Amino acid sequence: MTRRIAWLVAATTSAVVVAFVLPLCFLVANLASDRATTRARDQAQSVARFTATLSDHEVLERTVNELSSQGPAVSVVEPDGSLLGGAPLLEAHTLAAVERARRDQEAFTVRRAGGLDALVPVATAEGLEVVVASVTDDELRAGVPRAWLTIGLLGLGLVGVSVAAAWNLGRRVTVPVREVAEVAHRLREGDASARAVPGGPPETAELGRALNALADRIHGLVEAERENVADLGHRLRTPVTALRLDTDLVDDPEVAERLREHVDHLQRSIDDVVREARRTVATELPAHTAPGAVVAERVDFWRPLAEDQGRDLDLHVDSTTPPVALSAEALGELLDTVLDNVFAHTPEGADIQVSVTPDGDDAVLLVEDAGPGMTLPWRGRGHSARGSTGLGLAIVHRLAESAGGGVELGRSNLGGLAVRVALPTTHTG
Numbered sequence: 007m008t009r010r011i012a013w014l015v016a017a018t019t020s021a022v023v024v025a026f027v028l029p030l031c032f033l034v035a036n037l038a039s040d041r042a043t044t045r046a047r048d049q050a051q052s053v054a055r056f057t058a059t060l061s062d063h064e065v066l067e068r069t070v071n072e073l074s075s076q077g078p079a080v081s082v083v084e085p086d087g088s089l090l091g092g093a094p095l096l097e098a099h100t101l102a103a104v105e106r107a108r109r110d111q112e113a114f115t116v117r118r119a120g121g122l123d124a125l126v127p128v129a130t131a132e133g134l135e136v137v138v139a140s141v142t143d144d145e146l147r148a149g150v151p152r153a154w155l156t157i158g159l160l161g162l163g164l165v166g167v168s169v170a171a172a173w174n175l176g177r178r179v180t181v182p183v184r185e186v187a188e189v190a191h192r193l194r195e196g197d198a199s200a201r202a203v204p205g206g207p208p209e210t211a212e213l214g215r216a217l218n219a220l221a222d223r224i225h226g227l228v229e230a231e232r233e234n235v236a237d238l239g240h241r242l243r244t245p246v247t248a249l250r251l252d253t254d255l256v257d258d259p260e261v262a263e264r265l266r267e268h269v270d271h272l273q274r275s276i277d278d279v280v281r282e283a284r285r286t287v288a289t290e291l292p293a294h295t296a297p298g299a300v301v302a303e304r305v306d307f308w309r310p311l312a313e314d315q316g317r318d319l320d321l322h323v324d325s326t327t328p329p330v331a332l333s334a335e336a337l338g339e340l341l342d343t344v345l346d347n348v349f350a351h352t353p354e355g356a357d358i359q360v361s362v363t364p365d366g367d368d369a370v371l372l373v374e375d376a377g378p379g380m381t382l383p384w385r386g387r388g389h390s391a392r393g394s395t396g397l398g399l400a401i402v403h404r405l406a407e408s409a410g411g412g413v414e415l416g417r418s419n420l421g422g423l424a425v426r427v428a429l430p431t432t433h434t435g
């Protein structure tokens with residue numbers, strides 16, 4: 007935008023300067039020509055006065071030569087055609103003008119090749135003489151090139167000053183707008199602490215204040231929603247616990263087991279809702295987390311449960327895997343969610359394999375199990391449907407996508423489900 011404003015001002019100013027400079031240059035040239043013409047005419051008039059009063063040709067010739075040395079060259083054409091002073095020979099065009107001056111008996115100026123002549127007829131005792139004062143083209147253009155150069159430099163200076171002023175004005179507008187846009191992008195990426203510094207023109211400053219007010223309002227609404235959801239989850243835990251206890255009163259073991267599975271599923275759903283509600287938005291972007299250490303810590307956390315259920319929980323971490331753009335807390339929550347789904351949806355004794363390996367610009371977290379796997383429709387539930395509360399792998403998807411990664415579901419080498427999470431890596435100097 008700054009560049010466009012500068013180009014627009016440069017074009018407009020240049021047009022104005024050209025419209026002003028060209029007539030001014032013509033005016034300067036005309037003034038110089040008029041000045042030289044006036045000098046020639048005045049010189050001719052002065053010599054004509056001397057010619058009318060002096061009868062001594064020697065004195066007259068000496069006077070003509072002195073005046074010629076001080077101004078335009080002057081010649082006096084006597085009635086017999088002889089010349090006093092000036093050039094020893096006049097051009098044919100000038101001689102024709104002399105005859106015209108004698109015939110019309112009036113003063114005038116005439117252009118010729120290489121200059122201009124001013125002719126003044128004067129009556130003497132010997133007859134009608136004609137005084138001719140001549141100026142060259144160089145004298146007609148004296149001072150014009152320098153004046154044109156000065157005018158051109160002034161015009162260029164005016165254009166330069168205008169462009170500089172436009173560039174400064176454009177930056178005063180665009181820099182605050184870019185800063186506001188950057189804050190908006192940071193808010194979109196999850197940096198809830200991002201705020202604009204109002205500056206620039208009043209309209210831009212008002213835009214920054216409006217964005218800050220909007221961010222504060224959204225932050226307040228999100229926090230209130232989190233509190234409401236977390237409170238709802240806590241309030242639901244009591245009736246769910248009572249419902250779990252009531253399943254012990256069911257006489258039919260098969261029905262009781264099915265009810266307990268439903269209650270467990272409901273409890274996990276509530277836990278997912280509470281955990282998602284408590285998860286705060288990242289305030290430091292981007293994060294740099296070594297995935298191997300975090301994954302090893304979470305696998306050690308789940309290992310006792312795997313041993314109780316007769317599962318082999320294997321871990322492979324490639325030490326060359328670079329840091330990922332996800333916080334340690336979010337990465338641990340992501341793996342916990344995947345493993346919680348494995349323990350919830352696979353039978354006891356089903357083995358689990360967890361690995362962390364580099365893959366181009368990504369680090370891949372792969373969790374495989376030996377369970378029955380997922381049906382194709384279930385694999386498509388990577389995101390919660392409208393109105394759901396984060397069932398399935400929706401939390402995993404949200405966490406991965408918050409770092410610019412993705413999640414893929416497929417068949418594992420163990421025969422069950424494979425959850426492949428690709429996270430962008432970061433390279434810090």
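All you need for this note's numbering is the position in the sequence shown, starting with 1, plus 6.
For each residue, glycine too, the CB sits at the ideal point set by N, CA and C.
Bear in mind the structure is a predicted one, so any value in this text is a computation, not a measurement.
Q | Minimum length 4: unbroken alpha helix (DSSP H) runs contained in the segment 98–147 | A | List check, alpha helix (DSSP H) in window: 98–110, 143–146.
Q: With DSSP collapsed to three states, give me the class of residue 67.
A: Within the sequence shown, residue 67 is the residue found at index 61, counting from 1. The answer is helix: DSSP assigns residue 67 an H, G or I state.
Q. To the nearest angstrom, how far is it from the Cα of residue 390 to the Cα of residue 315?
A. Locating residue 390 in the sequence shown gives position 384, where the first residue counts as 1. Locating residue 315 in the sequence shown gives position 309, where the first residue counts as 1. Residue placement at residue 390 is flagged as unreliable, the pLDDT there being 44, under the threshold of 50; a coordinate-derived value is accordingly withheld.
Q. Between residue 38 and residue 127, what straight-line distance do the alpha-carbon atoms span, to the nearest angstrom?
A. Your numbering for residue 38 matches position 32 in the sequence shown. Your numbering for residue 127 matches position 121 in the sequence shown. Answer to the nearest angstrom: the Cα atoms are 26 Å apart.
Q: Counting only the same chain and skipping the five closest in sequence on each side, list residues whose C-beta sits under 8 Å from that of residue 15.
A: Locating residue 15 in the sequence shown gives position 9, where the first residue counts as 1. Taking residue 15 as the centre and dropping the five residues before and after it, the same chain places the C-beta of 168, 169, 171, 172 closer than 8 Å to its C-beta, in chain order.
Q. Considering only residues of the same chain and omitting the five flanking positions on each side of residue 31, which have a CB-CB separation below 7 Å?
A. Position 25 of the sequence shown, counted from the first residue, corresponds to residue 31. 154, 157, listed in sequence order.
Q) Can you pull the DSSP bridge partners for residue 364? A) Here residue 364 refers to the residue found at position 358 of the sequence shown. The partner list for residue 364 (beta bridge, DSSP) reads 369.
Q.
Considering Cα atoms alone, identify which of 80, 104, 206, 36 is closest to residue 149.
A. Residue 149 sits at position 143 when you count from the first residue of the sequence shown. For residue 149, the closest C-alpha among the options 80, 104, 206, 36 is that of 36.
Q: Return the CA-CA distance between residue 410 and residue 369, expressed in angstroms with no decimal places.
A: For the purposes of this step, residue 410 is identified with residue 404 of the sequence shown, where counting begins at 1. For the purposes of this step, residue 369 is identified with residue 363 of the sequence shown, where counting begins at 1. Approximately 12 Å between the Cα atoms of the pair.
Q: Report yes or no: do the segment 301–316 and the segment 353–366 share at least 3 C-beta pairs separated by less than 8 Å?
A: In short, these stretches touch, since the Cβ pair count reaches three.
Q.
Tell me which residue opens and which closes the beta strand (DSSP E) that residue 81 is part of.
A. Residue numbering aside, residue 81 sits at position 75 when the sequence shown is read from its first letter. Residue range 79–83 is occupied by the beta strand (DSSP E) that includes residue 81.
**Q.** Three-way DSSP call (helix, strand, coil) for residue 195 in this model
**A.** The residue you call residue 195 lines up with position 189 of the sequence shown. In this structure, residue 195 counts as coil in the three-state DSSP scheme.
Q. Is the distance from the Cβ of residue 198 to the Cβ of residue 204 below 7 Å?
A. As a position in the sequence shown, residue 198 is number 192, starting the count at 1. As a position in the sequence shown, residue 204 is number 198, starting the count at 1. For residue 198 and residue 204, no; Cβs fall outside 7 Å.
Q. Cβ of residue 141 within 7 Å of Cβ of residue 162?
A. Sequence index remark: in the sequence shown, residue 141 carries index 135 (1-based). Sequence index remark: in the sequence shown, residue 162 carries index 156 (1-based). It is not a contact, given that the beta carbons lie outside the stated cut-off.
Q) How would you write the range of the beta strand (DSSP E) that residue 416 sits in, first residue to last? A) Your numbering for residue 416 matches position 410 in the sequence shown. Judged by DSSP secondary structure, residue 416 falls within the beta strand (DSSP E) whose first and last residues are 412–417.
(Q) Report the CB separation of residue 53 from residue 82 in whole angstroms; it is logged as a contact under 8 Å. (A) To locate residue 53, count along the sequence shown from 1; it is residue 47. To locate residue 82, count along the sequence shown from 1; it is residue 76. The Cβ separation is near 7 Å, so the contact holds.
Q.
Quick check on DSSP: helix, strand or coil for residue 269?
A. To locate residue 269, count along the sequence shown from 1; it is residue 263. Here residue 269 sits in helix by DSSP.
Q: Give the secondary structure of residue 76 by DSSP, where H, G and I count as helix, E and B as strand, and everything else as coil.
A: Position 70 of the sequence shown holds residue 76. It is helical.
Q. Looking at C-alpha atoms only, which residue of 353, 56, 222 is the closest neighbour of residue 129?
A. Counting from one through the sequence shown, the residue named residue 129 turns up at place 123. The candidate whose alpha carbon is nearest that of residue 129 is 56.
Q.
So for residue 409, helix, strand or coil by DSSP?
A. Position 403 of the sequence shown, counted from the first residue, corresponds to residue 409. Coil, per DSSP.
Q. Do you know whose CA, among 255, 253, 245, lies nearest residue 276's CA?
A. By one-based count along the sequence shown, residue 276 stands at place 270. Considering only 255, 253, 245, the residue with the shortest C-alpha distance to residue 276 is 245.
Q.
Just to confirm before moving on: does the CB-CB distance between residue 47 and residue 124 stay below 7 Å?
A. Here residue 47 corresponds to residue number 41 of the sequence shown, with the count starting at 1. Here residue 124 corresponds to residue number 118 of the sequence shown, with the count starting at 1. Cβ distance < 7 Å, so residue 47 and residue 124 count as in contact.
Q. Since residue 138 contacts residue 50 with CB under 8 Å, what's their CB separation in whole angstroms?
A. To locate residue 138, count along the sequence shown from 1; it is residue 132. To locate residue 50, count along the sequence shown from 1; it is residue 44. Confirmed, about 7 Å.
Q.
Which of the three DSSP states is assigned to residue 323 in this structure?
A. As a first step, residue 323 is located in the sequence shown; it is residue number 317 there, counting from the start. Strand.
**Q.** Contact the segment 292–303 vs the segment 263–274: 3+ CB pairs below 8 Å
**A.** No, the segment 292–303 is not in contact with the segment 263–274.
Q: With DSSP collapsed to three states, give me the class of residue 9.
A: For the purposes of this step, residue 9 is identified with residue 3 of the sequence shown, where counting begins at 1. It is helical.
Q. CB of residue 339 to nearest heavy atom of the ligand ATP: below 6 Å?
A. Because no ligand of any kind appears in the structure shown, any question about the ligand ATP cannot be addressed here.
Q: Just grab the DSSP bridge partners of residue 358 for me.
A: For the purposes of this step, residue 358 is identified with residue 352 of the sequence shown, where counting begins at 1. Note: residue 358 sits in a beta bridge opposite 319, 375.
Q: Classify residue 245 as helix, strand or coil using the three-state DSSP reduction.
A: As a first step, residue 245 is located in the sequence shown; it is residue number 239 there, counting from the start. Here residue 245 carries a helix assignment [DSSP, helix/strand/coil].
Q) To the nearest angstrom, how far is it from the Cα of residue 413 to the Cα of residue 190? A) For the purposes of this step, residue 413 is taken as residue 407 along the sequence shown, with counting starting at 1. For the purposes of this step, residue 190 is taken as residue 184 along the sequence shown, with counting starting at 1. Between residue 413 and residue 190, the alpha-carbon positions lie close to 27 Å from each other.
Q: Helix, strand or coil for residue 424, going by three-state DSSP, please let me know.
A: Here residue 424 refers to the residue found at position 418 when the sequence shown is read from its first residue. The answer is strand: DSSP assigns residue 424 an E or B state.
**Q.** Separation of residue 406 from residue 416, as counted between CA atoms
**A.** Residue numbering aside, residue 416 sits at position 410 when the sequence shown is read from its first letter. Residue numbering aside, residue 406 sits at position 400 when the sequence shown is read from its first letter. Rounded to the nearest angstrom, the gap between the Cα atoms of residue 416 and residue 406 is 17 Å.
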